[in-house]
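Those letters in the sequence shown? Residues -29 to -1, 1 to 512, by mature numbering (1 follows the signal peptide of the UniProt record, and there is no 0).
Beta carbons are placed, not taken as given, at the ideal position from N, Cα and C, and that holds for glycine.
These numbers come from a predicted model, not from an experiment.
Below: the structure, in structure tokens.
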Amino acid sequence: MASSSSPQRIFPLLSLILLLFSFSPISESSHQFCDAGIGHGASTCGVSSSSSSLSTKLLIKGGIVVNAHEMEAADVYVEGGIIVSVGPNIKVGDDVTVLDATGKFVMPGGIDPHTHLGMEFMGTETIDDFFSGQAAALAGGTTMHIDFVLPVNGSLLSGLEAYEKKSRKSCMDYGFHMAITKWDEHTSKEMEIMVKKKGINSFKFFMAYKGSFMVNDELLLEGFTKCKSLGALAMVHAENGDAVYEGQRRMIELGITGPEGHALSRPPVLEGEATARAIRLAGFVNTPLYVVHVMSVDAMEEISKARKSGQKVIGETVLSGLVLNDSWLWDPDFITAAKYVMSPPIRAAGHDKALQAALSMGVLQLVGTDHCTFNSTQKALGIDDFRKIPNGVNGIEERMHLVWNTMVESGQISVTDYVRLTSTECARLFNIYPRKGAIRAGSDADIIILNPNSSFEINAKSHHSRTDTNVYEGWKGKGKVEVTISGGRVVWENDELKVVPGSGKYIEMPPFGYLFNGIDKADAKYLSSMKAPVKRSRATV
């Protein structure tokens, strides 16, 4: 729930508290080089050989440390990539790099639960790979993401091998979800391998994309049942794929071939129907369900009803659905309109505000991005047919700033809510908390320093993604991530990115997260309530 105290009233009080603590100047970096492979614009990037970026000992001094349920004035000491201590007036030696966080918030780095880097899709491949996409994330305050592995020729193991190769250039920590696009005994056995040996604890089922990724209800039931037995979280892309296919056909018959046809062919009712169906099937199996990229009131209301009834359903909204509306899809310039094409579509004005309210009230639990970027040339593949426009928008770099600006600055959520929605809840859901998603002794040193009084502006010329457009172009706001620390190293400071390909780590995520608590008892209660089988004597003829 949102705090009753607005951020505007909190900040002056925090400033007075922070003045009580001593501080030291931020260490300066040097010897940087710019990697031309990052970013479409002229953003500064590089790596330092003698700066805080390579220091294994850091002290963040004088800030307000924020976790999901509390905040306190404290210092944070980091050594060897791990948070060693959190407390007031920590004393350190001269060999420690000191970062001054006076008047600023010290928070866990963001965790993006929904990305697609280096993904082959709709006849092309996303323009951001595991280096450029992660570099963009770090510049925006996200220090870990979970990407979706697609099977290769139906094989989960082959798909994982392909993504292991893609991720070798990673510059921050990451995990994997696995998509399930067909069902047989081999798939079932490979799911076991993914969970027990490969550190994957979630599987995604597409109810859309007929003819490619889409699965039917029979497969959903098989998959949900297997997920339950493995302690893995079942995820769904909820749109009625058969109806979408029909909607697309109708639009083409009407001569509507532009980007607006994309939204018109897959209205909110189809997202709501599929969400309701997935929820009911998961309830039938009695397994937790995670609904990805909730974009409409229709889907959100189905999740709300299920949660009120006690069902374990998680709703993830994404940045585009939270802050944008579909008006741009009707822009007369094709490239402008096409950059907003994603699935489910960005909805009409009103859905965004409803999703914001749902997030603030706990109906939805976290914010991802569905970062899946294609440049203007790739989007132009569908210039004569919206069905051929590669689906996807950016957001991995913009999420932390825009959620703060939209939700905290407006008073809809508190500062601690912000940490929960952008980091901690994701870590809890995928069973990596408190290693991730917390500022506490023993946690990984993935940390951001956010200045609530500093401003930001978003544009394609300065962002770090390789795409040449940005769906948040021109957005200005308050609340800027000034420092990002990944694995104990300063990778973003003074608007400079210092990243090294291959420095990121794969984070294994164990099964049976907190959502599975009580599942066995619920099953037992159900069985005892059946009053069956009934013992009957044989009738005699």
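{"Query": "Shortest alpha-carbon distance to R278 belongs to which of E193, M266, G450 and V334?", "Result": "V334"}
{"Query": "Given a cut-off of 8 Å, decide if R406 and Q219 are closer than it, judged by their beta-carbon atoms.", "Result": "no"}
{"Query": "Checking 8 Å against the spacing of the C-beta atoms, do T86 and H342 come in under that value?", "Result": "yes"}
{"Query": "Could you compute how far the alpha carbon of I35 sits from the alpha carbon of N430?", "Result": "30 Å"}
{"Query": "Which residues in the same chain as L235 place their Cβ atom closer than 8 Å to its Cβ, once the five residues preceding and following it in sequence are excluded?", "Result": "G218, M222 and I227"}
{"Query": "Would you kindly work out how many angstroms separate the C-alpha atoms of I384 and E369, rounded to a whole number?", "Result": "18 Å"}
{"Query": "Could you compute how far the alpha carbon of residue 537 sits from the alpha carbon of E467?", "Result": "The chain is shown only over -29 to 512; residue 537 falls outside these bounds and no answer can be derived."}
{"Query": "Where DSSP assigns a beta bridge to W154, which residues make up the other side?", "Result": "DSSP output for W154 lists no bridge partner at all."}
{"Query": "Would V37 pass as a contact of V265 if the rule is Cβ separation under 8 Å?", "Result": "no"}
{"Query": "So, using beta-carbon positions, are I164 and L190 closer together than 8 Å?", "Result": "no"}
{"Query": "Could you name the residues that DSSP lists as bridge partners for V37?", "Result": "M42"}
{"Query": "Give me the Cα-Cα distance between R237 and N376, rounded to the nearest whole angstrom.", "Result": "30 Å"}
{"Query": "Quick one: using the 10 Å Cβ neighbour count with 16 as the cut-off for buried, is Y497 buried or exposed?", "Result": "exposed"}
{"Query": "For T455, which residues from the same chain have a beta carbon less than 6 Å from its beta carbon, with the 5 sequence-adjacent residues on both sides left out?", "Result": "L109, G112, I419, V462 and W463"}
{"Query": "When the Cα atoms are used, what is the spatial distance from E50 to C142?", "Result": "19 Å"}
{"Query": "Is the separation between the beta-carbon of L421 and that of M78 shorter than 8 Å?", "Result": "yes"}
{"Query": "Which same chain residues end up closer than 8 Å to V186 when comparing Cβ atoms and leaving out the 5 residues on each side of it in sequence?", "Result": "I151, T152, K153, W154, F176, F177, M178 and G194"}
{"Query": "Span of the alpha helix (DSSP H) holding N306?", "Result": "The identity of residue 306 in the sequence shown is Ile, whereas the question assumes Asn. I306 -> alpha helix (DSSP H) spans F305 to A309."}
{"Query": "Here's the rule: buried if 16 or more other CB atoms are within 10 angstroms of the residue's CB, otherwise exposed. What is A495?", "Result": "exposed"}
{"Query": "Cβ atoms of P361 and L352: under 8 Å apart, would you say?", "Result": "yes"}
{"Query": "Answer with buried or exposed for N211, where buried requires no fewer than 16 other C-beta atoms within 10 angstroms of its C-beta.", "Result": "buried"}
{"Query": "Of all the options A249, S280, A308 and E287, which has the alpha carbon lying nearest to the alpha carbon of E231?", "Result": "A308"}
{"Query": "Apply the 10 Å Cβ neighbour rule to A249 and answer buried if 16 or more other Cβ atoms are within range, or exposed otherwise.", "Result": "buried"}
{"Query": "When you compare each of L204, V166, I274 and N402 to L326 by their alpha carbons, which one comes out closest?", "Result": "I274"}
{"Query": "Considering just the uninterrupted stretch of the alpha helix (DSSP H) at S347, what are its terminal residues?", "Result": "S347 to K350"}
{"Query": "Could you pull out every residue in the same chain whose Cβ sits closer than 6 Å to the Cβ of S(-27), ignoring the five residues on either side in sequence?", "Result": "In this prediction, S(-27) has a pLDDT of 39, which is less than 50 and means its spatial position is unreliable; what the coordinates show is noted afterwards. S385, listed in sequence order."}
{"Query": "Could you compute how far the alpha carbon of A320 sits from the alpha carbon of S298?", "Result": "8 Å"}
{"Query": "Within 10 angstroms of its Cβ, does V256 collect 16 or more other Cβ (buried), or is it exposed?", "Result": "buried"}
{"Query": "Is M480 near N124, with beta carbons less than 8 Å apart?", "Result": "no"}
{"Query": "What residue does the beta strand (DSSP E) around residue 513 start on, and which one ends it?", "Result": "Any answer about residue 513 is impossible in this case: the structure gives the chain only from -29 up to 512."}
{"Query": "Reducing DSSP to helix, strand and coil, say where G58 ends up.", "Result": "strand"}
{"Query": "To the nearest whole angstrom, what separates the beta carbons of P59 and D71, a pair I think is in contact under 8 Å?", "Result": "15 Å between Cβ atoms; not a contact."}
{"Query": "Please classify residue 532 as buried or exposed, where buried requires at least 16 neighbouring CB atoms within 10 angstroms.", "Result": "The requested residue 532 does not occur in the structure, where the chain is confined to residues -29 to 512."}
{"Query": "Tell me where the alpha helix (DSSP H) around A205 begins and ends.", "Result": "Taken as a continuous stretch (DSSP letters only), A205 belongs to no alpha helix (DSSP H), being part of the beta strand (DSSP E) at L204 to H208."}
{"Query": "Rounded to whole angstroms, what's the CA-CA distance from G182 to V289? Just pull it up for me.", "Result": "25 Å"}
{"Query": "Please determine, among L29, A493 and D355, the residue with the shortest C-alpha to C-alpha distance to G281.", "Result": "A493"}
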